[in-house]
């Protein structure tokens, strides 16, 4: 990525603005694109930070007709409809992706078992904004973090969850207990091993982030496992692209049913956005229902899904750890798969509490902390 | 769609099952696809209704090697690994989409201003399951419904919302007031007209369903407006497919910012699933930020977005109504755009309360009611 100094020029024939970097990089900016980013008093409300004009009503043939650069960062543009707007070149280049934006959480980095720095912190240490921001950066990169030395009173999870975001209520309740029960109605409530899966792909919307909080754990075994679904998707794409493409293209129905609840949602096992970025992995092999496609496509779907299952169980991709009392794992349920090894629950108790929050929470927290941090750093440096 | 009688045959060479309808329709079913739907005691837990086996571990070359049809509906299949499983042919054909499934909510039907039956009911009448189910069917088809004669005490919305699903808390609070305020911090709190928009496309996840409940309305004007975003998307695709495709392909960033909150989410203005079905329209022209694409693509993006804006304001697509005290509108925020006409708030008050719930709620309710309805009808007919 280039950094300033950069050259800015007005292309008079098209009314566009060209930015040229030292390293030879070039970007041509559209007049509408620039105008939509005007922060002039007539265009932009400083309280709601929303546009005050309807951009659809700008002239279709809008052009930049004049340009002044009064400093390294300040650019004033005159448009063909007479408007004159000032811009921060740094802000424009951050938004365009030419410069890193310090407020944006880091991009996901797929990981395997050799991930060396597990994101996490002590609960008490999170009072320091820089520790919190650092842990949230790790969460954005790796899709999970581990918080240690939290209080172990039942229900504590609710206040911890609310620190990070809004609690998402479901028909399991806002907080649910994962504990061995004499007559289990779900495999989660036994000592059986659970293979790597994402939670509740049948809900609309799918829960964004899961938290699991350990209150008590006296059993042998029962290790928690995590696998990065994005790493599995990339591995499958590398070794068998034709299978990965079928998993990306096939819309699968996920379904949960009990006497008084029927939940359904649909989507592919591997989901990318329009720019090819991975945005979601759905993997829950007890509740997925593929449509009756032609047998050749289904052959490939089943081969791809089986390969994903093998990769998810491959020690190359899995990390394992014991959740001790006071430990809490927070994981991105659109990306990570989680499971546990089996344990004997006759001799001792293992009691976790779980809940869901939305992606909004940690994402907003990271952005706000980063803005304050940046502003703080700025004043600090200027004061020094 | 064909209905039984149908013919079922085993294709010995491939181990697949072929279904042939009276009308000549044909469907070939994959051995894995069938086996995954087994309800045998060893395969399926009747309490959790989940698979008891890991489907990824089925033999890759699994085949159906034997078939018996003991009645119109009962099919027993023997698989190459020795398993023998019974199936309901009706259940299989419903899942395959060959027969309608009475539990599945109706598919969306795009609508314009000439929509003649607006889904809705009196609050008291919703105590009758058939009235409730009928209204939810209309909600699924048209993306909104109107409930009349609800209580008008402030806060009533919370109990109404919880009847339909789980309340979604946001930084606006679980219930928010839409009322004219002396020093408005948002256009919503003025008497100004609001053009058609979806709420909060910058949240992760985007709120699924919005409810607006009228407590008081003495003003002239201030009519509520609704537009079907799916109808706009289909209209744009019909008149300018190249513009519609750019709106489908371009990942736009939506952003909300205040002193202590920064919310971002991304997605296209028109989103379809892998099967081409419309699943979401994002339209909120004050908070959308398109990436700096090449100027030719951006030209098309801006033309497409402007055309969507024109269509959204076109009386052909808009319905208008006055929200009187006790009226509540429930709308699918992934599909419908809403707005209001301007009004003079000096002379009288207009007070709405709003909240969000998830799609899960009404969808589950429709499915459960339909299952009971079908079971009830069954017993009724047998008893008669």
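Protein chains in written order, with the working numbering: chain A, 1 to 384; chain B, 1001 to 1384. Built from N, CA and C at the ideal position, the CB exists for glycine as well.
Measuring C-alpha to C-alpha distances from residue 162 of chain A to each of A/152, A/174, A/170 and A/153 identifies A/174 as the nearest. Residue A/90 holds the alpha-carbon nearest to the alpha-carbon of residue 73 of chain A among A/90, A/64, A/303 and A/60. Excluding five sequence positions before and after residue 115 of chain A, the CB atoms of its chain that fall closer than 7 Å to its own CB belong to 142 and 319, given in chain order. Burial is judged here by how many other beta carbons sit within 10 angstroms of a residue's own beta carbon; residue 1360 of chain B has at least 16 and is buried. Residue 1208 of chain B sits in coil when the DSSP states are folded into three classes, being neither helix nor strand. Counting along the chain, residue 139 of chain A sits inside the alpha helix (DSSP H) bounded by residues 129-142. Comparing alpha-carbon positions, the option among A/348, A/326, A/264 and A/81 lying closest to residue 287 of chain A turns out to be A/264. In the DSSP assignment, residue 195 of chain A falls within the beta strand (DSSP E) that extends over 194-197. For the 7 Å CB-CB criterion, residue 63 of chain A and residue 80 of chain A form a contact. For residue 1297 of chain B, the enclosing alpha helix (DSSP H) starts and ends at 1295-1313. At the C-beta level, residue 176 of chain A and residue 354 of chain A come within 7 Å of one another. For the stretch 34-58 of chain A, the set of residues with a beta-carbon nearer than 7 Å to any beta-carbon of chain B comprises 47, 48, 49, 50, 51, 54, 55 and 56, in chain order. Residue 283 of chain A and residue 337 of chain A do touch by the CB rule: their CB atoms are close to 6 Å apart, below 8 Å. Taking CB atoms only, residue 274 of chain A has a neighbour in chain B less than 7 Å away. Between the alpha carbons of residue 1311 of chain B and residue 1159 of chain B lies a distance of about 36 Å.
Here residue 214 of chain A is near residue 323 of chain A, since their CB atoms are less than 7 Å apart.
Taking 7 Å as the CB threshold, residue 1016 of chain B lines the interface with chain A. Rounded to whole angstroms, the Cβ separation of residue 1147 of chain B and residue 1332 of chain B is 15 Å, and the two are not in contact under 8 Å. Around residue 168 of chain A, the same chain offers 207, 356, 357 and 358 as residues with beta carbons nearer than 7 Å, after the five sequence neighbours per side are excluded. Distance from the CA atom of residue 1109 of chain B to the CA atom of residue 1293 of chain B, rounded to whole angstroms, is 33 Å. Straight through space, the alpha carbons of residue 16 of chain A and residue 30 of chain A are spaced by roughly 5 Å.
The alpha-carbon of residue 196 of chain A is positioned some 58 Å away from that of residue 1344 of chain B. Judged by beta-carbon spacing, residue 223 of chain A lies beyond the 7 Å limit of residue 297 of chain A, meaning their Cβ atoms are not closer than that value. For residue 209 of chain A, no CB of chain B lies under 7 Å from its own CB, so it is not counted at the interface with that chain. By the Cβ neighbour-count rule, residue 36 of chain A is buried, with 16 or more other Cβ atoms within 10 Å of its own. Counting only runs of at least 4 residues, the stretch 217-241 of chain A fully encloses the following alpha helix (DSSP H) elements, listed from N- to C-terminal order: 229-239. Annotation: the continuous alpha helix (DSSP H) that includes residue 1034 of chain B extends over 1031-1035. Counted as a single uninterrupted DSSP element, the beta strand (DSSP E) harbouring residue 336 of chain A occupies residues 336-340. Judged by DSSP in its simplified three-state form, residue 1320 of chain B adopts strand. Non-local beta-carbon contacts of residue 1188 of chain B in its own chain, meaning distances under 8 Å to residues more than five positions away in sequence, involve 1178 and 1194 in chain order. Residue-level contact check: residue 292 of chain A touches chain B, since one or more beta carbons of chain B fall below 7 Å from its beta carbon. Shown here, residue 99 of chain A sits in coil according to DSSP, grouped into three states, outside any helix or strand. Annotation for residue 1157 of chain B: the continuous alpha helix (DSSP H) segment containing it runs 1156-1164. Residue environment analysis places residue 198 of chain A among the buried positions, since at least 16 neighbouring C-beta atoms fall within 10 angstroms of its C-beta. In the structure shown, residue 12 of chain A falls within a coil segment according to DSSP collapsed to helix, strand and coil.
A residue is called buried when at least 16 other Cβ atoms come within 10 angstroms of its Cβ; residue 1012 of chain B does not meet this threshold and is exposed.
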